[in-house]
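Take any residue in the sequence shown, note its place counting from 1, add 1, and you have its number in the working numbering.
Every residue gets a Cβ at the ideal spot worked out from N, C-alpha and C, and that includes glycine.
Okay, so here's the structure we're looking at.
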Amino acid sequence: MNANVCRWIMDAIIMLGLIVAGISGAYFGLEPVSPLFILGIVVSLGGLIFGLLTIRCPFCKHLLDLRGFQMVYCPYCGQKLE
Ligand SMILES: [Zn+2]
C-alpha cells in the first residue's frame, strides 16, 4: 500500500481514538477511568503501531517519517514512492 495513504490512515485512526477518549473523558470523567477512555487510548496506540508497520518504503522497507507530508522519493534509497 502507498506509504502516504498509510500515513493518512494512521492519522485518522489516532484521531478517532483521541476523539473517543476525549468524549468519554469529558462525559464520564476520569474517576474512575471509563472503559471507553481506555478503548480510545488503545485505538490510538493501534493507529501508531499500524503506522510503524505500514509507513515504509516499498523498495528498501525503511521506516519513513511518520509526520512527513506527501513524500515523492524515498530519502533512504531514492526510489519513487507510488
Ligand atoms: Zn527506500
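- Boundaries cannot be given for F70, as no alpha helix (DSSP H) includes it and DSSP labels it neither H nor E.
- Taken atom to atom, the span from the alpha-carbon of T55 to that of A22 is near 24 Å.
- A Cβ-Cβ distance of about 19 Å is found for the pair M72 and G48, leaving them out of contact under the 8 Å criterion.
- Counting the other Cβ atoms within 10 Å of the Cβ of I14 gives 16 or more, which makes it buried.
- Per the coordinates, the alpha-carbon of L31 lies some 13 Å from the alpha-carbon of G41.
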